[in-house]
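Sequential numbering from 200 applies to the sequence shown in my numbering. Even glycine gets a Cβ: it sits at the ideal position worked out from N, Cα and C. Below is one structure, written out as C-alpha cells; the observations come after it.
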Amino acid sequence: MHADTDPAAAPEIPADATELDLRTGPQTDAAEALDPWEELERDVAKWKELSLRTAAEMDNLRKRTARDREDAIRYANQRLLEELLPVIDNFEMGMQAAAQDSQSMIYIGMDMVRRQLNDFLSSQGVEEVASTGHFDPKLHDAVAQEESAAGEEGRILRVTRRGFTLRDRLLRPAGVVVSKLPASAAESPEEGVQA
C-alpha cells in the first residue's frame, strides 16, 4: 500500500492554511480560551499588586528606621546617666553631712554644684520619680516594709534611694520603705475565723 492511499495518513493541508490553522484538537481550544490581552492584563495586575506591596514595605521600613534613629538620639546618654546616678547619690550624702554648717564655704560651694547637676539632669530629660503616695511596682523598689499605725497598706513611708526617669523610660526605680498593716490588725480576722 502506498502512503497516498493509506486511510490513517494525515489529512491534506489546504494551501491557504496559516500556522494557527496547523494546530488541531485541544491545543486550538486552549489557545482560543486564553486571550493574549487577558493574559497581559493579569500579568499587569500581578505586577501592580507586587509593586504596591513593595512600596508599602519600603514606607514602613523608612518610618521604622526614622523612629529608631530618633530613639537612638533621644536616649543616647542613657548609659552615661545611669552610671552618673551613684555619683549623685554619694554627692547627696556629702551634702547631708555638710548641711550641719550651712554657712560654711564648703556647703555653699557644694550647693552650687548640686544646682548645676540638677540643671544638667533636667536639660537631658531626667526627672526624679515621685515617691509619695502609694507604692507603684513600675516606679518603685520596695526595700522594706514597716507597720503603720494609720492602718493603710502599700503607702510609701520614706525614700532610701531616689529614682529617675529619662523622658518616658525608667533609669532607676526609687528605693522605698512601704507601710503594712500592724501585726495585731492582720491577725484579728484570722482569730475570728479560728474561734
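Checklist entry - Between the region 370 to 382 and the region 327 to 341, do three or more beta carbon pairs fall short of 8 Å? => result yes
Item to check | Phe290 vs Val328 beta-carbon contact at 8 Å | outcome: no
Checklist entry - Exposed or buried, which one is Ile355 when buried takes at least 16 other CB atoms within 10 Å? => result buried
Item to check | For Gly353, the three-state DSSP class (helix, strand or coil) | outcome: coil
Checklist entry - CB-CB under 7 Å to Ala298, same chain, minus the five flanking residues each way: which ones, in chain order? => result Tyr306
Checklist entry - By DSSP, does Phe363 sit in helix, in strand, or in coil? => result strand
Checklist entry - To which residues of the same chain is Ser303 closer than 8 Å at the C-beta, ignoring the five residues directly before and after it? => result Ala297
Next on the checklist: Quick check on the burial criterion: 16 or more other C-beta atoms within 10 angstroms. Buried or exposed for Ala373?
Outcome noted: buried
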